[in-house]
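Numbering (our numbering), first residue to last: 486 to 1046.
For every residue, glycine included, the Cβ atom is placed at its ideal position computed from N, Cα and C.
Predicted model only: the values in this text are computed from it and were never measured.
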C-alpha cells in the first residue's frame, strides 16, 4: 500500500513532453510509480478536471533572514513554490560575526528594502559561519526545500570588517575568503553569488562590499568555488560588467553562470537582447551562461522616506547619506542638488531602474486628505497641471505636511509585452526574479509562477502549458544542478501541486502587518491552486497553509556537476 495516490489527473510532468491523464503513486516522499490502476494507498485524491504539475523552483529569492523566524518562507508555498534558492546577489546573513550584525542588518535594510525593525526583532542569530547557518535551518526545520549560495558581500565583511565597504582586498584577505568559500562548498553551498550592480548600495548609499572587488578577487573566489568540480556562479551585473568580463573571471572554472537581472527597458530597447546574444555566444564557446528574466512588469510601491528607485542614480547620493530627517529635507530643497539630479535623470546614455518615466509613477494613496484629488494621477500629469518640472513637483510635495508618507506606485521595467514575450522564449533565459523576501514594502512577486501560467499561457498563448511548466520546474532543476526535483517521474521527490488551469493566477497585492514587531509587508494570494505537496507531505489545501507540526522541506546540500 502506497502513502498517496493521485488519480485521474492531467499530468504535466516538467519534462516538456505532452501531458497525459493518469495516476501517480508516492511512498516515503518519493514518486514511485505512474500510470493507471496503481493499487491502494492510505490517501487517495481524485484529481479529475485538475492538472498535476511539479512544484515551482524559485531560483531568485532573498529569504535568508526571514527563514530564521519564518520557516515557511511565506507566502511562497501557498503560491506553488516548493524549492527556494537564497543568497542571491551575495546578500546573505552568514557568515557574520557578532560585531558585524548591526552593519549587516542596516545594509540589508537599504539594499533589499527590508524593515530595520523586523530584522532587529526577528533574526535568530544562532550561528556565525555559513555551515552553522545551514545546520541551524536543518535542525530547526524548513517548510520548502532550501538551497543557498555563499554570499560575496557577507564573506567580505566577515574577513575585512567595515573596510570591506571602502577598499580592495589584499592577498591575505583574498586567501581567507577563498577558504571560507571552500568550507561553504564542502558543507553544501549551491555556489557563489555576487553583485556589481550600481543600484546595490548599503547604509547611507555606500556601495555594497562586493562592488569593490577587483578582477583578481573575483577570479580567485570563483576558482575556490569551482575547485570541487561543481557550483553555480551567480552575478547581478552592473552596467560596466560585460559578458566578456565574466568569461575572463571564470576562465578555467568550467562552471555555469547565471546573470541577473535582464529586464526590458524601453529607453534601451535592444540592450537586454544584446546581453542574451553575448550569453549565447559564450555558451556556444563552452562557457555555459543563463540570463535571469522576469515574466512580470517591475512595479513597486514607495514613499519619499525610502525611494528605492532613485538609489541607482549617483546624484541621489547626498540624500542617501543624510544622518537625520532634518538634513534630508534640506537636501531635497536644495536647488543645486535638484539640478544635478535632473541632469543625470535626463541623460539618455544611462540605463538604470528609473529613467525619468514620470508618466509611470502614480499617486496611489495620500495621508493628507488635502491632496486626495491627486490619487490615481501620474506625476507627469500633476506636473503639467501645475506648470512645473516633475522632479520639482515630487520633491516639493515631499516637503509638505505628510508629503513624505504619500504612497506612490512606479511601473518601471518589463512593461512592453511584445519584448517581454521574446525574453521569455529566448533559449538562454531563466524565468525567475521573484526577489521574494526582499522589498516587502515595495512589491511582492512571489507568485510569478502562477502569473506566468495566467498571463503568458492562458491569456496570451505565448507557449504551451507543457513548455511553461518545464521552464518553471524541470529547467530550473537542470540549470541549478538540483537532483531529484522538478519532474513528476519515478525516483523524484514528490514536490507537486494540483491546479485548475482555467482559474490559475494571482491576486492583487495587499498590506498585512505580520512581520516581527508588527512591521507591514505586501502580501499576495494565488487562485486556482487545489493542493501543494512538499516531499510527499500536503502543505496547502485550497486557500490556506495546513497547520503542520512537521516542516517537510529539506536543506539541499547535494548538487551535481
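Pick from the options that is closest to residue i, judged by C-alpha positions
i: residue 637; options: 706, 856 and 822; result: 706
i: residue 762; options: 594, 599, 907 and 952; result: 907
i: residue 860; options: 808, 894, 740 and 530; result: 894
i: residue 1040; options: 616, 598, 518 and 515; result: 616
i: residue 792; options: 838, 576, 855 and 940; result: 838
i: residue 594; options: 843, 805 and 633; result: 805
i: residue 741; options: 767, 521, 1016 and 796; result: 767
i: residue 513; options: 807, 490 and 504; result: 490
i: residue 1018; options: 612, 592, 628 and 503; result: 628
i: residue 441; options: 992, 930 and 713; result: Residue 441 is absent from the structure shown; the chain starts at 486 and stops at 1046.
i: residue 656; options: 828, 704 and 516; result: 704
i: residue 1003; options: 603, 970 and 631; result: 603
i: residue 526; options: 505, 486 and 551; result: 486
i: residue 492; options: 883, 643, 501 and 531; result: 531
i: residue 852; options: 596, 842 and 883; result: 883
i: residue 542; options: 992, 633 and 669; result: 633
i: residue 1038; options: 606, 885 and 562; result: 562
i: residue 717; options: 677, 776, 697 and 817; result: 677
i: residue 709; options: 723, 758, 691 and 739; result: 739
i: residue 570; options: 640, 995 and 961; result: 961
i: residue 827; options: 858, 971, 776 and 843; result: 843
i: residue 515; options: 551, 931, 969 and 1001; result: 969
i: residue 446; options: 934, 1006 and 1030; result: No answer is possible for residue 446: the residues shown for the chain start at 486 and end at 1046.
Neighbourhood of residue i by C-beta, 6 Å cutoff - its chain only, sequence neighbours within 5 removed
i: residue 900; result: 782
i: residue 1042; result: 673
i: residue 984; result: 536, 1013 and 1014
i: residue 794; result: 838, 839 and 895
i: residue 847; result: 863 and 894
i: residue 699; result: 653
i: residue 683; result: 723 and 797
Bridge partner(s) assigned by DSSP for residue i
i: residue 539; result: 981
i: residue 1013; result: BP columns for residue 1013 are empty, so no partner.
i: residue 995; result: 1008
i: residue 546; result: 921
i: residue 777; result: 915
i: residue 863; result: 847
i: residue 531; result: 492
i: residue 717; result: 676
i: residue 942; result: For residue 942, which the question treats as bridged, DSSP gives no partner whatsoever.
i: residue 783; result: 898
i: residue 634; result: 676
i: residue 568; result: 542 and 630
Backbone CA spacing between residue i and residue j [nearest angstrom]
i: residue 664; j: residue 619; result: 17 Å
i: residue 725; j: residue 950; result: 38 Å
i: residue 825; j: residue 800; result: 6 Å
i: residue 891; j: residue 567; result: 36 Å
i: residue 577; j: residue 967; result: 21 Å
i: residue 1022; j: residue 946; result: 33 Å
i: residue 681; j: residue 575; result: 10 Å
i: residue 787; j: residue 845; result: 13 Å
i: residue 539; j: residue 727; result: 35 Å
i: residue 973; j: residue 697; result: 44 Å
i: residue 821; j: residue 880; result: 13 Å
i: residue 601; j: residue 591; result: 7 Å
i: residue 917; j: residue 943; result: 19 Å
i: residue 915; j: residue 743; result: 8 Å
i: residue 559; j: residue 929; result: 11 Å
i: residue 812; j: residue 889; result: 14 Å
Cβ of residue i within 8 Å of any chain C Cβ
i: residue 924; result: Judged by its chain identifiers, the structure shown contains no chain C, having just a single protein chain.
Neighbourhood of residue i by C-beta distance below 7 Å, restricted to the same chain and skipping five residues each side
i: residue 841; result: 830 and 831
i: residue 520; result: 507 and 508
Contact set for residue i: own chain, Cβ-Cβ below 8 Å, skip 5 residues either direction
i: residue 878; result: 864, 867, 868 and 871
Given 8 Å, three or more beta-carbon pairs between the region 900-915 and the region 866-877: no
Within 8 Å, do at least three Cβ pairs link the region 972-981 to the region 509-516? yes
Counting beta carbon pairs with one atom in the region 749-768 and one in the region 852-868, are three or more of them shorter than 8 Å? Because the criterion of three Cβ pairs below 8 Å is not met, the region 852-868 and the region 749-768 do not touch.
Counting Cβ pairs closer than 8 Å, one from the region 529-549 and one from the region 915-923, do we hit at least three? yes
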